[in-house]
Amino acid sequence: MRLLLIEDSVPIAGAVRALLERRKFAVDVAIDGETGLDYLLRGPYDAALVDIMLPLRDGFSIVESARAQGIQTPILFLTARDAVEDRVRGLNTGGDDYLVKPFDEEELIARINALLRRSDRPAQQVITVEDLTVDIGARSVTYKGKDLELGTTEFRVLEFLARNAGLTFSRAQLLERICDYDFDGSSNIVDVYVSQLRRKLKSAGGDDVIKTVWGVGYRLG
Amino acid sequence: MIARLTARYVLVFLVVLTAINAVAYVFMSRSYAAELGPALETPEGAAAYAAAMRHVLVSILLFDVPLVMLVSGASYVLARTHLEPLLAARERERRFAADAAHELRSPLATIATVAQAARVGAQPEIQASLDTIIRAALDASAIVGDLLTLAREPASHALHTEPLDLAILARHCVAEFEERAKAAAIDLHLETQSALVNGDERRIRELLRNLLENGLRHARTRLSVRTNQQGRTATITIADDGPGIEPSQQERIFERFFRSNEQSEGLGLGLSIGRWIALAHGGELRASNQQGGGGALFTVTFPALPSA
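Just so you know, the protein sequences line up as chains A and B, in that order.
If you use this note's numbering, the first sequence corresponds to residues 161 to 381, in order.
If you use this note's numbering, the second sequence corresponds to residues 2 to 309, in order.
Okay, structure coming up:
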């Protein structure tokens, strides 16, 4: 597994590299934004850890440029900034996860492993179901050519339904997608997300895109 | 926000204007009627009266149109001059908090990361020292986050909200505390009913963890967590069977750095942060004692989403 670390603090870069190498990762380090982007564009990396405040080019801009050029490497932002605005911006520019420095070594390794697992599945980049297009890489959704603004969880639900178009899923199965783990209680949260998605699809001219299958659950297509 | 304030100014003006218009119309209609006197009874008189009143109505409306336009413009300018410095101050505050967090955390990040790297392969006693250093740096970083949060107004703009089910979050957070409860021989009881809110997941988890942390510290044998939704209110309650809270301290425990006694662990920020999070969501966090001499009862309420 080859990782790219873009971090301008030399002591932190050295220490993170040592921690990762001990876990048998191969690590390349770039200490400014331009070099970092250059490495990211050229190298086949399994994942990249990117600081946000960097000389020459900031982390958001690195990830934006890389995504614009079709680089799908999973990205973990590592930063000492943790304002909501920064987190949201980090994820919206195409980052996959966000970890605030200082962090615990175990937490870092767990996040990296989660990223690698996620990227393991061969992902179809763009899913089209009738008039609906879900672009996984760019995290964007269009219906009849109109862009839909979706929240993270809304996107996850729609992506899951679109990947499995034609199949019906129960509320419990969709709930598992929403919370990433088994929940053995009852919850109405799935209906809330589905009704939000329907409202947004409807405003783009899509009636009954997500169908209710009485007594079973929901289905797309 | 500027548009909202402008609309409010204009609305107030419209109410006043409508009242003035009505008074003017009634006054004119009375004075015309008095002038016409008995002639009002004749068809010609009635027609003249109706024509005059139509004229009055048109004059009033023609007078109103430029007035409303003028006042709308003035309201907008007024709203902007009032709000712009406030919005700018809020933006400065936001940037200050983000920058300060970054500047304070950067050296802590160096300490924690370098110590974690050095720990590998070090001798046991040095490892123990490094563990202390790592723990302290991570704790300091958490405190930096807490203090900067508390320095800001609890408002929804500091949140990243989406629909959440408190039942799911409660279950998940309680699971994190199960081992510790078992070790302390405390029965962790959970009773969840779906309760939907528009909330910031990270923040609500933090609130739950703070309350569980506090509960575990004071419970003797049992800590129970409940979630439920009634109408437009979603509630989480956390009840312990500890000594309860002195009535005189039921508000003070939410003060920053308040500790109920010198021996109590923690910095005394958890409950302040908890209340901050509840308020930022438009909700509340209150402390009381259970009836019949039970332990402390913490109640968090949030505005609920209608369950679909």
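For every residue, glycine included, the Cβ atom is placed at its ideal position computed from N, Cα and C.
Exercise. Please state whether DSSP places Asp256/A in a helix, a strand or coil.
Key: coil
Quiz item: Whose Cβ in chain A lies nearer than 7 Å to the Cβ of Leu131/B?
Solution: What Leu131/B touches in chain A: nothing, since even the nearest Cβ is about 12 Å away.
Quiz item: When you compare only the Cα positions, how much space is there between Gly293/B and Asp242/B?
Solution: The C-alpha of Asp242/B is placed about 11 Å away from the C-alpha of Gly293/B.
Quiz item: Of all the CB atoms in chain A, is at least one closer than 8 Å to the CB of Gln250/B?
Solution: no
Quiz prompt | Assigned exposure category for Asn273/A - 16 Cβ within 10 Å defines buried | solution = exposed
Quiz prompt | N-terminal and C-terminal residue of the alpha helix (DSSP H) that Leu321/A is part of | solution = Thr312 to Arg323
Quiz item: How long is the line joining the alpha carbons of Ser60/B and Ala20/B, rounded to whole angstroms?
Solution: 16 Å
Quiz item: Under the rule that 16 or more other beta-carbon atoms within 10 Å means buried, what is Phe64/B, buried or exposed?
Solution: exposed
Exercise. Pull up the CB-CB distance for Thr328/A and Gly377/A, whole angstroms please, since I reckon it's below 8 Å.
Key: Contact flag correct, Cβ pair sits at about 6 Å.
Exercise. Pick out whichever of Val354/A, Arg177/A, Glu224/A and Arg278/A has its Cα sitting closest to the Cα of Phe315/A.
Key: Val354/A
Practice problem: Run through the region 191 to 250 of chain B for me and flag every whole beta strand (DSSP E) of 3 or more residues, listed as ranges in chain order. | Solution: 197 to 200, 223 to 231 and 234 to 241
Quiz item: Hey, quick one: how far does the alpha helix (DSSP H) through Gly193/A stretch, first residue to last?
Solution: Gly193 to Arg202
Exercise. Starting from Asn22/B, trace the beta strand (DSSP E) both ways and give me its first and last residue.
Key: Element bounds for Asn22/B: not the beta strand (DSSP E) but the alpha helix (DSSP H), Ile3 to Leu37.
Exercise. Closer than 7 Å, Cβ to Cβ, to anything on chain A: give me those residues from the region 113 to 125 of chain B, in chain order.
Key: Ala113, Thr114, Val115, Gln117, Ala118 and Val121
Self-check item: With 16 other Cβ atoms within 10 Å as the buried cut-off, status of Asn215/B
Solution: In this structure Asn215/B is buried. Its beta-carbon is surrounded by 16 or more other beta-carbon atoms within 10 angstroms.
Self-check item: the region 366 to 374 of chain A / the region 2 to 18 of chain B touching (three or more Cβ pairs under 8 Å)
Solution: no
Self-check item: Thr313/A at chain B interface by Cβ criterion, 8 Å
Solution: yes
Quiz prompt | Listed by chain order, chain A residues near Leu197/B by CB distance under 7 Å | solution = Correct list: Asn348, Ile349 and Val352.
Practice problem: Determine whether the Cβ of Gly1/B lies closer than 8 Å to any Cβ atom of chain A. | Solution: Lying before the first or after the last residue shown, residue 1/B is absent from chain B, which here runs from 2 to 309.
Practice problem: Identify whether Val121/B lies in helix, strand or coil by the three-state DSSP scheme. | Solution: coil
Quiz item: Is DSSP giving Glu252/B helix, strand or coil here?
Solution: coil
Exercise. Using three-state DSSP, classify Ile296/A as helix, strand or coil.
Key: coil
Self-check item: Beta-carbon neighbours of Asp242/A, restricted to chain B and to distances below 7 Å
Solution: Ala102 and Gly146
Quiz item: Helix, strand or coil: which one does DSSP assign to Ala281/B?
Solution: helix
Quiz item: Using a Cβ-Cβ distance under 8 Å, would Leu160/B count as near chain A?
Solution: yes
Quiz item: Any idea which residues DSSP pairs Asp188/A with across the strands?
Solution: Leu164/A
Quiz item: Helix, strand or coil for Tyr50/B per DSSP?
Solution: helix
Quiz item: Whole-angstrom Cβ separation of Gln232/A and Leu201/A, contact assumed at under 8 Å?
Solution: Their Cβ separation, rounded to whole angstroms, is 12 Å, which puts Gln232/A and Leu201/A out of contact at 8 Å.
Self-check item: Delimiting residues of the beta strand (DSSP E) encompassing Arg379/A
Solution: Gly377 to Leu380
Quiz prompt | Between the CA atoms of Ala240/A and Ile112/B - distance to the nearest angstrom | solution = 13 Å
Quiz item: For Leu167/B versus Ala80/B, is the C-beta spacing smaller than 8 Å?
Solution: no
Exercise. Taking only beta-carbon positions, decide if Val176/A is within less than 8 Å of chain B.
Key: yes
Quiz item: Going by beta carbon distance, what residues of the same chain come within less than 6 Å of Arg379/A, once the five residues before and after it are set aside?
Solution: Thr328, Lys371 and Val373
Practice problem: Determine the closest residue to Glu202/B out of Ala171/B, Thr222/B and Glu177/B, with distance taken between C-alpha atoms. | Solution: Ala171/B
Quiz item: Got a sec: which bits of the region 161 to 177 of chain B sit with their beta carbon under 8 Å from any beta carbon on chain A, in order along the chain?
Solution: Here the close residues are His161, Glu163, Pro164, Leu165, Asp166, Ala168, Ile169, Arg172 and His173.
Practice problem: Decide if the region 233 to 249 of chain B is in contact with the region 298 to 309 of chain B; the criterion is three or more beta carbon pairs, one per stretch, under 8 Å apart. | Solution: Enough Cβ pairs lie closer than 8 Å, so yes.
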